[in-house]
Amino acid sequence: MPDNGMRALVKRSRSPRDVAVIDWRRPVPSAGEVLVRTDAVGLCGSDVHAWNQDIGYEWVARSVVLGHEAVGVVTEVGSDVDPGWIGQRVVPISIDGCGECDVCATGRRHICPRRQVLGLSFHGAAADCFTVAAQRLVVVPDDLPVQALVLTEPLAIAMHAVSKLQDAAQGRASEIVVTGPGPIGLMAALLLDSFGHRVTLVGIARDQPVRLAAAAKLGLQTSQGEDLPLAPDMWLEASGSGEALDRAVRQTAIGGAVVVPAVFARIPTVDINVVTRHELHLLGSYGASREDYERAAVILQRDPGRWDGLTTSFPLDQGVDALRAVEQGSVVKAILLP
Numbered sequence: 000m001p002d003n004g005m006r007a008l009v010k011r012s013r014s015p016r017d018v019a020v021i022d023w024r025r026p027v028p029s030a031g032e033v034l035v036r037t038d039a040v041g042l043c044g045s046d047v048h049a050w051n052q053d054i055g056y057e058w059v060a061r062s063v064v065l066g067h068e069a070v071g072v073v074t075e076v077g078s079d080v081d082p083g084w085i086g087q088r089v090v091p092i093s094i095d096g097c098g099e100c101d102v103c104a105t106g107r108r109h110i111c112p113r114r115q116v117l118g119l120s121f122h123g124a125a126a127d128c129f130t131v132a133a134q135r136l137v138v139v140p141d142d143l144p145v146q147a148l149v150l151t152e153p154l155a156i157a158m159h160a161v162s163k164l165q166d167a168a169q170g171r172a173s174e175i176v177v178t179g180p181g182p183i184g185l186m187a188a189l190l191l192d193s194f195g196h197r198v199t200l201v202g203i204a205r206d207q208p209v210r211l212a213a214a215a216k217l218g219l220q221t222s223q224g225e226d227l228p229l230a231p232d233m234w235l236e237a238s239g240s241g242e243a244l245d246r247a248v249r250q251t252a253i254g255g256a257v258v259v260p261a262v263f264a265r266i267p268t269v270d271i272n273v274v275t276r277h278e279l280h281l282l283g284s285y286g287a288s289r290e291d292y293e294r295a296a297v298i299l300q301r302d303p304g305r306w307d308g309l310t311t312s313f314p315l316d317q318g319v320d321a322l323r324a325v326e327q328g329s330v331v332k333a334i335l336l337p
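For the sequence shown, counting from 1, position 262 maps to 261 in numbering that gives the first Met the number 0; every step adds exactly one.
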């Protein structure tokens, strides 16, 4: 491989499943950017959706290096960037806005109409190194294992969704069902449990050997859909299953809240009349704010061992195998180590 080359997990076209680990040109930071040596990068459901070219992912760049859940060390800076960044361990904010519109002015840059996603809108971190705007960086502790720090981004997303349920709970301990024991659902359930709520994490039969077993080992109550509370106060739908969302709407208590951080491969059907007649609070939750990232980093620092056991490591060259493991649910969280 030439000196200016590297290996990268690349979505090569908009054809389904056209992803491979290939030789790629090593990036150079432009003005306002830094170069980050990748220590670890997680793969998630969004990467699988992009891999499969699912509905709602038509906007993904035609050819792009994947990977948006990253941790690494800044090794080089572009012009107009403080050289003090060099040597800092950082996590990039995966979704960021234009910084100029009315939405960004409210602090909700992650839902800006012109937002861009690392590893989907432009080249990401599933490579030996990557470039990113310095304004996206969040400094994280350099004395924690990368297997924990790489969870900063998904934990921030879980925190963002959980904060909506916390607001709805108004300080009361509540009965909460979480559907979907993938990383976001499992982390959200752990957070809700730590905040004193009575939580049931729900999966399907294929989730039992790995994801539900991991949740039970961490002290969570789990279920394959039987014996759920008849009318839980709140529900968090993280599975992306239309059937699960329909059940959440039908079963959540009158006046309750349903928060949806999931993205669906097919548009779900929901009886909106139930939402109206039960005065349900049906809330979307997308991405995370800088504050969510900072709170996630603090939580990881308090007890990194509780979190790093959720990860299964793959070498970068096995990136497609890692995507397949995420799709099949045979791991809780797949991470690539360049």
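Glycine is no exception: its CB is placed at the ideal position from the N, C-alpha and C atoms.
Note that the structure is a prediction, hence the values are computed from the model and not measured.
Reference residue i, options the options, closest by Cα
{"i": "residue 238", "options": "273, 255 and 202", "result": "202"}
{"i": "residue 163", "options": "182, 102, 209 and 283", "result": "283"}
{"i": "residue 270", "options": "295, 263 and 243", "result": "243"}
{"i": "residue 127", "options": "167, 9, 327 and 92", "result": "9"}
{"i": "residue 291", "options": "106, 78 and 115", "result": "106"}
{"i": "residue 209", "options": "247, 305, 193 and 310", "result": "310"}
{"i": "residue 18", "options": "34, 25 and 49", "result": "49"}
{"i": "residue 305", "options": "294, 214 and 4", "result": "214"}
{"i": "residue 80", "options": "321, 332, 130 and 141", "result": "130"}
{"i": "residue 299", "options": "224, 32, 145 and 315", "result": "145"}
{"i": "residue 76", "options": "181, 281, 192 and 132", "result": "132"}
{"i": "residue 277", "options": "240, 253, 171 and 149", "result": "253"}
{"i": "residue 279", "options": "303, 251 and 297", "result": "251"}
{"i": "residue 185", "options": "21, 316 and 212", "result": "212"}
{"i": "residue 141", "options": "296, 312 and 321", "result": "296"}
{"i": "residue 245", "options": "194, 103 and 274", "result": "274"}
{"i": "residue 113", "options": "100, 23 and 54", "result": "100"}
{"i": "residue 272", "options": "265, 248 and 293", "result": "248"}
DSSP beta-bridge partners of residue i
{"i": "residue 152", "result": "None; residue 152 has no bridge partner."}
{"i": "residue 4", "result": "24"}
{"i": "residue 197", "result": "174"}
{"i": "residue 36", "result": "72 and 128"}
{"i": "residue 88", "result": "72"}
{"i": "residue 311", "result": "333"}
{"i": "residue 268", "result": "Looking at the DSSP assignment, residue 268 forms no beta bridge with any residue, so it has no partner."}
{"i": "residue 236", "result": "178"}
{"i": "residue 42", "result": "333"}
{"i": "residue 161", "result": "Answer is none; residue 161 lacks a bridge partner."}
{"i": "residue 10", "result": "18 and 63"}
{"i": "residue 204", "result": "None; residue 204 has no bridge partner."}
Helix, strand or coil at residue i according to DSSP, with G and I counted as helix
{"i": "residue 100", "result": "coil"}
{"i": "residue 110", "result": "helix"}
{"i": "residue 142", "result": "coil"}
{"i": "residue 250", "result": "helix"}
{"i": "residue 119", "result": "coil"}
{"i": "residue 95", "result": "strand"}
{"i": "residue 230", "result": "coil"}
{"i": "residue 191", "result": "helix"}
{"i": "residue 222", "result": "strand"}
{"i": "residue 322", "result": "helix"}
{"i": "residue 283", "result": "strand"}
{"i": "residue 299", "result": "helix"}
{"i": "residue 19", "result": "strand"}
{"i": "residue 262", "result": "coil"}
{"i": "residue 217", "result": "coil"}
{"i": "residue 137", "result": "strand"}
{"i": "residue 168", "result": "helix"}
{"i": "residue 274", "result": "helix"}
{"i": "residue 209", "result": "helix"}
{"i": "residue 257", "result": "strand"}
{"i": "residue 292", "result": "helix"}
{"i": "residue 53", "result": "coil"}
Residue i vs residue j beta-carbon contact at 7 angstroms
{"i": "residue 308", "j": "residue 335", "result": "no"}
{"i": "residue 62", "j": "residue 11", "result": "yes"}
{"i": "residue 36", "j": "residue 74", "result": "yes"}
{"i": "residue 65", "j": "residue 125", "result": "yes"}
{"i": "residue 205", "j": "residue 328", "result": "yes"}
{"i": "residue 153", "j": "residue 183", "result": "yes"}
{"i": "residue 88", "j": "residue 139", "result": "yes"}
{"i": "residue 52", "j": "residue 28", "result": "no"}
{"i": "residue 108", "j": "residue 96", "result": "yes"}
{"i": "residue 167", "j": "residue 256", "result": "yes"}
{"i": "residue 147", "j": "residue 303", "result": "yes"}
{"i": "residue 47", "j": "residue 316", "result": "no"}
{"i": "residue 200", "j": "residue 180", "result": "yes"}
{"i": "residue 324", "j": "residue 331", "result": "no"}
{"i": "residue 78", "j": "residue 7", "result": "no"}
heavy atom of the ligand SAM below 6 angstroms from residue i C-beta
{"i": "residue 170", "result": "Although the ligand SAM was asked about, the structure shown includes no ligands whatsoever."}
Using a Cβ distance threshold of 8 angstroms, determine whether the stretch 56-71 contacts the stretch 36-44, with at least three qualifying pairs required.
yes
Across the stretch 277-292 and the stretch 255-262, are there enough close Cβ pairs to call them in contact, namely three or more that are closer than 8 angstroms?
yes
Do the stretch 149-159 and the stretch 206-221 meet, that is, are 3 or more Cβ pairs less than 8 angstroms apart?
no
Touch test, the stretch 226-236 against the stretch 171-191, Cβ-Cβ under 8 angstroms, three pairs minimum:
yes
Is it true that the stretch 113-133 meets the stretch 92-100, where meeting means three or more beta-carbon pairs spaced less than 8 angstroms apart?
yes
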